[in-house]
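Chemist: Let me give you the structure first, and then I'll get to my questions.
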Amino acid sequence: MFNSKKKKNLIAGCGFSGAVLAERLANILNEDVLIIDKNSAPGGLSFDYKDKNNINIHKFGSHIFHTNYEYIWKYLSKFASFIPYLHKENVIIDGNKANIPFNLNSIYDIFPKKLASKFENKLIKKYGYGEKVSIFDIKTKPFFWDRDLDFLASYFYKKLFSCYADKKWGNAGYDLSNAYIQTDKDNRVFKDKYQGIPETGYTKLIENILNHKNIKVLFDIDFKNIDANGFDRIFYTGSIDEFFNYKFGILQYKSAKFEISEINKEFYQNTGIVKYPYNHDFLKIHEFKHYSNIKCDKTVIAKEYIEDFKPNTGTDRFYPVLNGKNLEIFNRYKIEAKKFKDVYFLGRLGDFKNYSIDKAIKRALEVFETIRFKSILDENLTSEAEQLITK
763 MFNSKKKKNL IAGCGFSGAV LAERLANILN EDVLIIDKNS APGGLSFDYK DKNNINIHKF
823 GSHIFHTNYE YIWKYLSKFA SFIPYLHKEN VIIDGNKANI PFNLNSIYDI FPKKLASKFE
883 NKLIKKYGYG EKVSIFDIKT KPFFWDRDLD FLASYFYKKL FSCYADKKWG NAGYDLSNAY
943 IQTDKDNRVF KDKYQGIPET GYTKLIENIL NHKNIKVLFD IDFKNIDANG FDRIFYTGSI
1003 DEFFNYKFGI LQYKSAKFEI SEINKEFYQN TGIVKYPYNH DFLKIHEFKH YSNIKCDKTV
1063 IAKEYIEDFK PNTGTDRFYP VLNGKNLEIF NRYKIEAKKF KDVYFLGRLG DFKNYSIDKA
1123 IKRALEVFET IRFKSILDEN LTSEAEQLIT K
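Residues in the sequence shown are numbered consecutively from 763, following our numbering.
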């Protein structure tokens, strides 16, 4: 019987993408995995920690797990218990606090009751209840055009969507074609079937995923400083342009910095996130106490400021700028990547996508299935060749 040697895998990056892939390779294929990360702890941008009040702080802004994929929910539930949580957000418009996503409740938050009722009736009459209506459709489709609704669409486009996009993306620009109004009173940001926060935090969840005898993790190590010879496969979750030393150009990202403060009150705001499209330098305020069951007379907030990402300046890549120029550069890197055998790129930086946690996990599981299929195929071919030799 043919007995192949245990394969060795190198994974660069210890966020969800790298951790899930490592667990599958180690647990299902019984292969050795070395994970390296230039940070000093696992988790990537989902890294969190407990403060002195036992409040779980999301160091790089709020992370809310949500998915419609039952298999991903069941997979993660093997490594952590989840606190049920339905995420809600507010936005400050002209001094008023309104619901996000923008819906019928938001209209009543901003306008006098009589005018808000008029807008509500016209929206439901034209589009029905429970629909997502494009602001551009309201303004541009002649057979739907209505003076009052045109005013409503223009107001929120200017006061919310356009201002927020300008503040976040600046000269990079952003596609506003998905700006919409919901004709309902459902204040949830996410409508997914499965939603929650890991009870012991994201960092502990990833540590649990990595708890396997075949997995070794080394921190404070940059991929460019390691000798990758001797590994059968390499999985790179860093930025694909950096892997290729920016030979086709730098992929553009927006970075963020977080000003974390302890506040001497039970809660600072009504929701986990409040957005500020204008009037302040910061883009939004996160309040982490909303994401746990902690009872105490203090809370912790983080003001998020947007800045440009620049390589080798200490800033991190947060939000990919998905415009035509950057996608063209990324496609050139994708073509270049195909020249490398047994080198795989994944994760939000490797794929140049703004992944939610579940999408990053889904992608990692898909990469693993590709590897498993190839392993089965290679083993069968080798076994057949061995049988031919021994006949």
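Ideal Cβ positions, reconstructed from N, Cα and C, are used throughout, including at glycine. It should be emphasised that the depicted structure is a prediction, and the values quoted were computed from it without experimental measurement.
Would you mind listing the alpha helix (DSSP H) stretches within the stretch 1063-1125 that are 4+ residues and don't spill past its ends, in chain order?
Modeler: 1086-1099 and 1109-1112
Chemist: Give the DSSP bridge partners of G1174, in chain order.
Modeler: As shown, the chain starts at 763 and ends at 1153. That puts residue 1174 outside it, with no answer to give.
Chemist: Which residue marks the beginning of the beta strand (DSSP E) containing V1036, and which one marks its end?
Modeler: I1035 to K1037
Chemist: Could you tell me the distance, in whole angstroms, from the CA atom of I996 to the CA atom of P874?
Modeler: 59 Å
Chemist: Given F1107, which residues of its chain have a CB within under 6 Å of its CB, disregarding the five upstream and five downstream residues?
Modeler: Y998, I1002 and A1099
Chemist: So, helix, strand or coil for A803, using DSSP?
Modeler: coil
Chemist: Excluding five sequence neighbours on each side, which residues of the same chain lie with their C-beta closer than 6 Å to the C-beta of K955?
Modeler: N830
Chemist: For the stretch 960-1022, which segments carrying the alpha helix (DSSP H) assignment without a break, of at least 4 residues, lie completely within its bounds, in sequence order?
Modeler: 964-971 and 1002-1005
Chemist: Once DSSP output is grouped into helix, strand and coil, what is the label at N867?
Modeler: helix
Chemist: Assuming F827 and G1034 make a contact with CB atoms under 8 Å, what is their CB distance in whole Å?
Modeler: Contact flag wrong, Cβ pair sits at about 13 Å.
Chemist: For the alpha helix (DSSP H) containing Y942, list its first residue and its last residue.
Modeler: Careful: Y942 lies outside any alpha helix (DSSP H), inside the beta strand (DSSP E) at Y942 to Q944.
Chemist: Going by DSSP, name the residue or residues bridged to S896.
Modeler: Y942
Chemist: Spatial neighbours of T1077 within its chain, please: CB distance less than 6 Å, with the 5 preceding and 5 following residues excluded, ordered by chain position.
Modeler: S1017 and F1071
Chemist: What's the C-alpha gap between N1085 and K814?
Modeler: 42 Å
Chemist: Count Cβ pairs between the stretch 965-976 and the stretch 769-786 that sit closer than 8 Å; are there 3 or more?
Modeler: yes
Chemist: What would DSSP say about I1047, mapped onto helix, strand or coil?
Modeler: strand
Chemist: Going by beta carbon distance, what residues of the same chain come within less than 8 Å of I1151, once the five residues before and after it are set aside?
Modeler: The predicted model places I1151 with a pLDDT of 44, which falls under 50 and marks its position as unreliable; any figure quoted below should be read in that light. Nothing listed; no residue qualifies.
Chemist: Round the Cβ separation of F923 and L911 to the nearest angstrom and send it over; I've been treating them as touching at under 8 Å.
Modeler: Not a contact, Cβ separation roughly 16 Å.
Chemist: Does N816 come out as helix, strand or coil in the three-state DSSP assignment?
Modeler: N816: coil per DSSP, three-state reduction.
Chemist: On the DSSP letters alone, give me the boundaries of the alpha helix (DSSP H) that I789 sits inside.
Modeler: First, the amino acid is wrong: residue 789 is Asn here, not Ile. Where N789 is concerned, the enclosing alpha helix (DSSP H) stretches over F778 to N789.
Chemist: Can the beta-carbon of F1114 be found closer than 8 Å to that of P1082?
Modeler: Taking 8 Å as the Cβ cut-off, F1114 and P1082 qualify as a contacting pair.
Chemist: On a CA-only basis, which of G963, G857, V1105 and F864 is nearest R950? Give me that one, please.
Modeler: Nearest in C-alpha terms to R950, of all of G963, G857, V1105 and F864, is F864.
Chemist: Let me check one thing: in DSSP terms, what residues is E1024 bridge-paired to?
Modeler: V1062
Chemist: Would you check if there are 3 or more beta carbon pairs closer than 8 Å linking the stretch 1025-1033 to the stretch 835-854?
Modeler: yes
Chemist: Alpha carbon to alpha carbon, what distance is there between A842 and T962?
Modeler: 7 Å
Chemist: Smallest Cα separation from E1049: which of E1021, H1042, L787 and K769?
Modeler: E1021
Chemist: Under 8 Å between the Cβ atoms of F1044 and K1065?
Modeler: Yes; because the gap between Cβ atoms is below 8 Å, this pair is in contact.
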